[in-house]
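Data block below; observations after.
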Amino acid sequence: MERPMERPLVSVIIPSFNRSHVLRLCVGAIQEQTYSPIEIIVVDDCGTEDAAEVASSMGATVLRTEVNGGASPARNLGAEHSHGEILLFLDGDIALDPDSVENAVNILRSEPKLGALGGILHPEPLASRSLAAQYRALQMHYWWMPTDRPTLELHAAVLAIPAEVFKEIGPFNPNLSDTVSADYRYRVMQKDYEVRITAAVCGRADHDSTLRMILRKVFRRARVSAMEWARGETPGDSVPRAFGGVLLLAAVPALALPLLFGPLGALVSPLFVAAAVVLDGSTYRRVFARRGLLFGLYFSAVHLLVTLVGATGAGIGVLQRVLGRRRPSPQWVPRTGDLESQ
Numbered sequence: 009m010e011r012p013m014e015r016p017l018v019s020v021i022i023p024s025f026n027r028s029h030v031l032r033l034c035v036g037a038i039q040e041q042t043y044s045p046i047e048i049i050v051v052d053d054c055g056t057e058d059a060a061e062v063a064s065s066m067g068a069t070v071l072r073t074e075v076n077g078g079a080s081p082a083r084n085l086g087a088e089h090s091h092g093e094i095l096l097f098l099d100g101d102i103a104l105d106p107d108s109v110e111n112a113v114n115i116l117r118s119e120p121k122l123g124a125l126g127g128i129l130h131p132e133p134l135a136s137r138s139l140a141a142q143y144r145a146l147q148m149h150y151w152w153m154p155t156d157r158p159t160l161e162l163h164a165a166v167l168a169i170p171a172e173v174f175k176e177i178g179p180f181n182p183n184l185s186d187t188v189s190a191d192y193r194y195r196v197m198q199k200d201y202e203v204r205i206t207a208a209v210c211g212r213a214d215h216d217s218t219l220r221m222i223l224r225k226v227f228r229r230a231r232v233s234a235m236e237w238a239r240g241e242t243p244g245d246s247v248p249r250a251f252g253g254v255l256l257l258a259a260v261p262a263l264a265l266p267l268l269f270g271p272l273g274a275l276v277s278p279l280f281v282a283a284a285v286v287l288d289g290s291t292y293r294r295v296f297a298r299r300g301l302l303f304g305l306y307f308s309a310v311h312l313l314v315t316l317v318g319a320t321g322a323g324i325g326v327l328q329r330v331l332g333r334r335r336p337s338p339q340w341v342p343r344t345g346d347l348e349s350q
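Numbers in the working numbering are just positions in the sequence shown, counted from 1, shifted up by 8.
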């Protein structure tokens with residue numbers, strides 16, 4: 009598959025639901041890109057604020073969904089009305105670095121077998137400066153760290169795809185929310201394309217500002233993701249981290265082992281926690297090196313809690329699936345090669 013060598017039009021497709029103050033930063037960052045030509049398409053997912061008006065006032069093409077269906081249907085609607093040779097899907101709470109679009113174009117043009125290119129997030133948040141937001145920014149930055157080689161990771165929040173590949177693969181599955189990235193990565197790779205994450209495409213995200221919000225989101229996503237994986241629909245992303253979560257979950261009931269086995273039993277729970285830290289050791293090391301001892305200790309405590317909550321959510325998700333507490337999502341077959349018929 010040959011890629012044209014002229015400067016292709018890039019369609020930046022931004023699903024949006026309220027949060028107009030952050031959307032303004034997102035669109036503004038696209039307007040400051042070093043690359044042109046770019047068309048900006050903002051898809052308002054039945055928001056109740058003035059986000060659509062803000063985007064329109066900044067010169068973006070604004071589309072509106074008929075019902076509030078989430079990011080996947082909004083992305084599909086934007087792709088349906090796009091004209092670019094490269095589609096860049098970008099969440100509305102992310103502001104890209106000025107050279108991100110140009111870097112994405114250069115990478116995709118130079119490697120015909122690359123079917124999807126993901127970006128990463130800055131270690132600093134876009135707007136909120138709360139400790140929780142700083143934790144989340146660092147966590148996601150290091151968990152999204154690129155390999156600059158073919159990978160099993162992909163994130164729809166910052167995702168560049170040649171339009172011809174998107175037509176071949178088909179739209180995002182509208183029945184999925186938290187597992188849509190893994191699903192799309194899997195479908196791209198089934199067509200023998202490579203996927204990659206690169207630090208050359210990078211943006212600041214407006215992360216949740218409270219620990220409670222983060223924990224709720226992590227629990228929900230882990231529960232839903234585990235149910236999808238149990239159904240065999242989407243593969244997991246990180247085996248060592250997942251196993252670390254299992255160890256943390258096991259460390260909780262292990263606290264009772266001293267009652268059965270005496271002092272030796274008291275060693276089991278700390279050993280499980282230590283093993284979980286080792287399995288995600290690179291994240292802890294980088295945070296301590298970047299932010300120092302005090303914040304590193306805060307990060308470590310929160311990260312262990314977040315990992316434990318995620319493991320709990322995943323465990324509940326698997327149990328719900330095994331016990332039949334949730335019906336499988338409706339069968340969905342992507343229509344490829346005909347985006348106009350969506």
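The beta-carbon is built from N, C-alpha and C at its ideal position, and this holds for glycine as well.
Out of N183, L257, R231, state which residue places its alpha-carbon closest to the alpha-carbon of N76. Considering only alpha carbons, the answer is N183.
Span of the beta strand (DSSP E) around D52: Counting along the chain, the beta strand (DSSP E) containing D52 begins and ends at 46–52.
Closest by C-alpha distance to V30, when choosing among P16, I46, A60: Closest option to V30, Cα to Cα, is A60.
Give the C-beta separation of I5 and V188 to the nearest angstrom, bearing in mind that I take them to be a contact with Cβ-Cβ under 8 Å. Any property of residue 5 remains undetermined from this structure, which presents the chain solely from 9 to 350.
Cutting at 7 Å between CB atoms, please list the residues of its own chain near A135, excluding the five before and the five after it. Within the same chain, and ignoring the five residues on either side of A135 in sequence, the residues whose Cβ sits closer than 7 Å to its Cβ are V30, D214.
Among F97, G332, A141, W151, which one has its Cα closest to the Cα of R294? Of all alpha-carbon atoms in F97, G332, A141, W151, the one lying nearest the alpha-carbon of R294 is that of W151.
Close Cβ partners of A259 (< 6 Å) along its chain, the five nearest in sequence each way excluded: S277, F280, V281, listed in sequence order.
Beta bridge counterpart(s) of F303 as assigned by DSSP: Answer by DSSP bridge pairing: none, since F303 is not bridged.
Cβ distance (whole Å) where N114 is taken to contact V209 below 8 Å: N114 to V209, Cβ: 10 Å. No contact.
Coil, strand or helix - S19 by DSSP: Shown here, S19 sits in a strand according to DSSP, grouped into three states.
Beta-carbon gap between V50 and S28 smaller than 8 Å: Not a contact, by the Cβ cut-off of 8 Å.
Which word fits G240, buried or exposed, when buried means at least 16 other C-beta atoms lie within 10 angstroms of its C-beta? Residue placement at G240 is poorly supported in this model, since its pLDDT is 47, which falls under 50; the coordinates still yield a value, given next. G240 comes out exposed.
Which class does G244 belong to by DSSP, given the choice of helix, strand or coil? Residue confidence for G244 is low, a pLDDT of 43 falling below 50, so the modelled location carries little weight; the figure read from the coordinates is stated next. Three-state result, G244: coil.
Report the start-end ranges of each alpha helix (DSSP H) in the segment 19–98 that is 4 residues or longer and not cut off at the edges. As far as the segment 19–98 is concerned, its whole alpha helix (DSSP H) runs of at least 4 residues are 28–39, 59–65, 79–88.
Under the rule that 16 or more other beta-carbon atoms within 10 Å means buried, what is R144, buried or exposed? R144 comes out buried.
What separation, rounded to the nearest whole angstrom, lies between the Cα atoms of E132 and L268? In a straight line, the C-alpha of E132 is about 46 Å away from that of L268.
Indicate the three-state DSSP secondary structure (helix, strand or coil) for V166 in the structure shown. In the structure shown, V166 sits in a strand (DSSP, three-state: E or B).
If you count every other CB in all the chains shown that lies within 10 Å of the CB of V166, and 16 or more means buried, which is it? Buried is the call here.
Tell me the DSSP secondary structure of E14 in three-state form. In this structure, E14 counts as coil in the three-state DSSP scheme.
Hey, quick one: how far does the alpha helix (DSSP H) through E172 stretch, first residue to last? Here the alpha helix (DSSP H) through E172 covers 171–177.
Answer yes or no: do D216 and A274 have a C-beta to C-beta separation smaller than 8 Å? For D216 and A274, no; Cβs fall outside 8 Å.
Any chance the CB of R329 is under 7 Å from a heavy atom of the ligand MG? This structure lacks the ligand MG; in fact it carries no ligand of any kind.
Euclidean distance between Cα positions of D99 and A37: Using only the alpha carbons, I get a separation of about 12 Å.
Keeping to the same chain, check which residues put their C-beta closer than 8 Å to that of D288; ignore five residues upstream and five downstream. Result list for D288: P248, R249, G252, H311, T315, in chain order.
Counted within 10 angstroms of its Cβ, other Cβ atoms place T242 as buried (16 or more) or exposed: Summary for T242: the model assigns pLDDT 44, below 50, so the residue's position carries little reliability; its value from the coordinates is reported in the next sentence. Per the 10 Å Cβ criterion, buried.
Can you tell me whether Q350 is helix, strand or coil according to DSSP? Note that Q350 has pLDDT 36, beneath the 50 cutoff, so the model's placement of it is unreliable and the number below is only indicative. Correct three-state label for Q350: coil.
Along the chain, where does the beta strand (DSSP E) containing E110 start, and where does it finish? Not the beta strand (DSSP E): E110 falls in the alpha helix (DSSP H), residues 108–118.
Beta-carbon separation of G318 and A230 under 8 Å? Yes, Cβ-Cβ distance for G318 and A230 is below 8 Å.
Pick out whichever of E47, L104, D200 has its Cα sitting closest to the Cα of L91. This sequence places His at residue 91; Leu is not what is there. Selection E47, L104, D200 evaluated against H91 yields E47 as nearest (Cα-Cα).
Supposed close pair P179, N84 - CB separation, criterion 8 Å: Indeed they touch by this definition, with Cβ atoms about 4 Å apart.
G100 (DSSP reduced to helix, strand or coil): Coil at G100, not helix or strand.
Backbone secondary structure at G332 - three-state DSSP: When DSSP states are grouped into helix, strand and coil, G332 belongs to the coil group.
Report the rounded CA-to-CA distance for Q39 versus A63, giving the unit in angstroms. Going from the Cα of Q39 to the Cα of A63 covers about 12 Å.
Assuming R144 is part of the alpha helix (DSSP H), what are its boundary residues? For R144, the enclosing alpha helix (DSSP H) begins and ends at 139–151.
Pick from Y306, S185, K199, C54: whose alpha carbon is nearest that of V232? With distances taken between Cα atoms, V232 lies closest to S185.
Under a three-way DSSP split, which group does A234 fall into? Shown here, A234 sits in a helix according to DSSP, grouped into three states.
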